[in-house]
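Residue numbering for the sequence shown follows the numbering used here, starting at 11 and increasing by one per position. Think of the CB as a built atom: it goes at the ideal place given N, C-alpha and C, for glycine as much as any other residue. Just so it is clear, the structure is predicted and the values come from calculations on it, not from any experiment. Structure first, then comments.
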Amino acid sequence: MLMRTDPFRELDRLAQQLMGPGTWSRPSAMPMDAYREGDEYVVAFDLPGVSADALDIDVERSMLTVKAERRPVAKADDVQMELSERPLGVFSRQIVLADTLDTENIKADYDAGVLTLRIPIAERAKPRKISVGVGSGRNEISG
Numbered sequence: 011m012l013m014r015t016d017p018f019r020e021l022d023r024l025a026q027q028l029m030g031p032g033t034w035s036r037p038s039a040m041p042m043d044a045y046r047e048g049d050e051y052v053v054a055f056d057l058p059g060v061s062a063d064a065l066d067i068d069v070e071r072s073m074l075t076v077k078a079e080r081r082p083v084a085k086a087d088d089v090q091m092e093l094s095e096r097p098l099g100v101f102s103r104q105i106v107l108a109d110t111l112d113t114e115n116i117k118a119d120y121d122a123g124v125l126t127l128r129i130p131i132a133e134r135a136k137p138r139k140i141s142v143g144v145g146s147g148r149n150e151i152s153g
């Protein structure tokens with residue numbers, strides 16, 4: 011049987027064990043993607059195993075804060091854990107949003123362990139054409 015090993019994976023696992031799970035005062039980071047799609051800015055967070063009621067999303071001025079907590083699954087008394095690599099605890103991410111985004115109309119959707127936030131771009135930030143007016147009369151200087 012061929013087994014592949016990744017020494018960096020073992021270092022990550024060891025560091026996670028030493029630091030322990032995230033807490034509300036010292037949360038762990040969560041992976042995310044951010045991109046613009048049409049007139050919206052989309053931010054997607056990977057949160058597998060987190061229930062929707064364990065999510066906390068706040069916006070204060072231009073600071074977006076997302077916190078999530080992955081709780082241990084209740085096990086029967088006769089269960090003996092052989093391997094536990096899935097991190098438990100609190101995860102958090104803060105993002106400074108540009109003032110060109112409409113933070114009043116953020117939409118959040120949670121599906122298949124992915125939290126997706128859609129933030130519309132404010133009307134004042136969208137490109138627009140400026141029309142040039144032509145004067146209706148001429149002013150002449152006579153002398």
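Residue range of the beta strand (DSSP E) that includes residue i
i	result
R81	It is not in any beta strand (DSSP E) - R81 carries neither H nor E in the DSSP assignment.
P58	Run containing P58: none; DSSP gives neither H nor E here.
D119	117 to 121
R96	Note, R96: premise wrong, no beta strand (DSSP E); not H, not E.
P130	124 to 130
R46	42 to 47
Residues sharing a beta bridge with residue i, DSSP
i	result
L65	A78
I140	According to DSSP, which records beta bridges pairwise, I140 is partnered with nothing at all.
A54	D43, T126
E70	M73
V106	M73
Length of the line joining the Cα atoms of residue i and residue j
i	j	result
P58	F101	11 Å
P97	D49	35 Å
M73	K139	31 Å
G99	D121	20 Å
D87	L65	29 Å
S61	K136	36 Å
T126	P82	24 Å
R71	E92	46 Å
K85	R46	42 Å
T75	Q90	37 Å
V53	E114	16 Å
V69	A44	17 Å
Nonlocal neighbours in the same chain, by C-beta distance under 6 Å from residue i, ignoring five residues either side
i	result
I129	Y51, L111, I116
P41	D56
Any chain C beta carbon closer than 8 Å to residue i
i	result
S72	Judged by its chain identifiers, the structure shown contains no chain C, having just a single protein chain.
Integer Cβ distance of residue i from residue j, believed to fall under 8 Å
i	j	result
R80	A39	Incorrect: roughly 13 Å between the Cβ atoms, too far for contact.
D56	G123	7 Å
L118	I67	Reading off the sequence shown, one finds Ala at residue 118, where the question assumed Leu. Right, their Cβ atoms sit about 6 Å apart.
Same chain, Cβ closer than 8 Å to residue i, five either side skipped, listed in chain order
i	result
R134	T110
A78	M40, F55, L57, V60, A64, L65, D66, V100, F101, S102, L125
Close-in-space but distant-in-sequence residues of the same chain around residue i (CB under 7 Å, 5 per side omitted)
i	result
S141	none
A158	Only positions 11 to 153 of the chain appear in this structure, which leaves residue 158 out of reach.
E106	The amino acid at residue 106 is misidentified as Glu; the sequence shows Val. Result list for V106: S72, M73, in chain order.
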